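Those sequence lines, one after another, are chains A and B.
Add 188 to the 1-based position in the first sequence for the working numbering, that's all there is to it.
Add 1462 to the 1-based position in the second sequence for the working numbering, that's all there is to it.
One structure below.
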Amino acid sequence: EAGVAQSPRYKIIEKRQSVAFWCNPISGHATLYWYQQILGQGPKLLIQFQNNGVVDDSQLPKDRFSAERLKGVDSTLKIQPAKLEDSAVYLCASSLLAGGPNEQFFGPGTRLTVL
Amino acid sequence: AQSVTQLDSHVSVSEGTPVLLRCNYSSSYSPSLFWYVQHPNKGLQLLLKYTSAATLVKGINGFEAEFKKSETSFHLTKPSAHMSDAAEYFCVVTQTGNQFYFGTGTSLTVIP
Chain A
189 EAGVAQSPRY KIIEKRQSVA FWCNPISGHA TLYWYQQILG QGPKLLIQFQ NNGVVDDSQL
249 PKDRFSAERL KGVDSTLKIQ PAKLEDSAVY LCASSLLAGG PNEQFFGPGT RLTVL
Chain B
1463 AQSVTQLDSH VSVSEGTPVL LRCNYSSSYS PSLFWYVQHP NKGLQLLLKY TSAATLVKGI
1523 NGFEAEFKKS ETSFHLTKPS AHMSDAAEYF CVVTQTGNQF YFGTGTSLTV IP
């Protein structure tokens, strides 16, 4: 079974530029998550989708971050414009079922450096 | 409000000795709790989870954790550390399954 795929693996940009990350979850998984992991901290949930609907985006900085999950499969997270404090690893995860305390399968992450 | 506190940012043990990684949680309702492991340059992997069934939960690679409601704790243990256990460990809490809160992590070093 293929795991969660993310690209790119690394990205370096200057502040005020835009950047997009892509995630392809495990086939058939209903729920998709985006996390931000700043160095030395645990992952922080940014947004959660069930199929192509948003379940929770309460911690997503909506003035600069946006995410979509078209057709309930893969997803894109965008930052526009980036700030220095956005430097982090962005993790995508998926789980088979919708709702409940289900196991999440994580991708390798995208490491973003904002200069 | 929900949160977890991992009491040690770094733990160092000798190979073959017991491992104890401590986690305390805060939750208004009955929580579900997880432990995930993150090896260098690899994705997070589930070790075990508690979802209101048996309070002693067994996971992969010989790890287990005990849910203690009176102490609001969910400590991770392993009887004998192996070199391959060296990694970052995260305790996670959720009430509804729609908000997952990670601790700040514990880095485990295993000394040969």
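Glycine is no exception: its CB is placed at the ideal position from the N, C-alpha and C atoms.
Here the structure is a predicted model, which means the values were calculated and not measured.
Item	Value
Would you say residue 1506/B lies against chain E (beta-carbon separation less than 8 Å)?	No chain E is part of this structure, whose protein chains are labelled A and B.
For residue 272/A and residue 300/A, what's the separation of their Cα atoms in angstroms?	10 Å
The beta strand (DSSP E) that contains residue 1465/B, what's its start and end?	1465-1468
Report the residue from 217/A, 258/A, 224/A whose alpha carbon sits nearest the alpha carbon of residue 249/A.	224/A
Counting contacts by CB-CB distance shorter than 8 Å, is residue 290/A in contact with chain B?	yes
Could you give the residue range of the beta strand (DSSP E) that holds residue 263/A?	263-267
In terms of residue numbering, what span does the beta strand (DSSP E) encompassing residue 1557/B cover?	Taken as a continuous stretch (DSSP letters only), residue 1557/B belongs to no beta strand (DSSP E), as it is neither H nor E.
What residues from chain A crowd round residue 1566/B, counting only those whose CB sits closer than 7 Å?	229, 230
Let me check understanding here. Comparing Cα to Cα, which of 1479/B, 1498/B, 1530/B, 1567/B lies closest to residue 1574/B?	1479/B
Using a C-beta cutoff of 8 Å, does residue 1511/B count as contacting chain A?	yes
Taking C-beta pairs closer than 9 Å, name the residues in chain B that residue 296/A reaches, listed in chain order.	1503, 1504, 1505
Using 10 angstroms around the beta-carbon of residue 226/A, count the other beta-carbons present and answer buried if the total reaches 16, otherwise exposed.	exposed
Identify whether residue 1546/B lies in helix, strand or coil by the three-state DSSP scheme.	helix
Going by DSSP, what residue range makes up the beta strand (DSSP E) through residue 299/A?	298-302
Taking CB distances under 8 Å as the criterion, tell me whether residue 1561/B reaches chain A.	yes
Within 10 Å of its beta-carbon, does residue 282/A have 16 or more other beta-carbons around it, so buried, or fewer, so exposed?	buried
Quick one: residues in its chain with C-beta nearer than 7 Å to the C-beta of residue 1548/B, no 5 flanking neighbours on either side, listed in chain order?	1570, 1571, 1572
Under 7 Å Cβ-Cβ, which residues of chain B neighbour residue 224/A?	None at all; the shortest Cβ gap to chain B is about 11 Å.
Buried or exposed: which applies to residue 288/A, given that a residue is buried once 16 or more other Cβ atoms fall within 10 Å of its Cβ?	exposed
Less than 8 Å between C-beta atoms, sequence neighbours within five positions excluded: which residues of the same chain meet that for residue 1473/B?	1481, 1482, 1483, 1568, 1569, 1570, 1571
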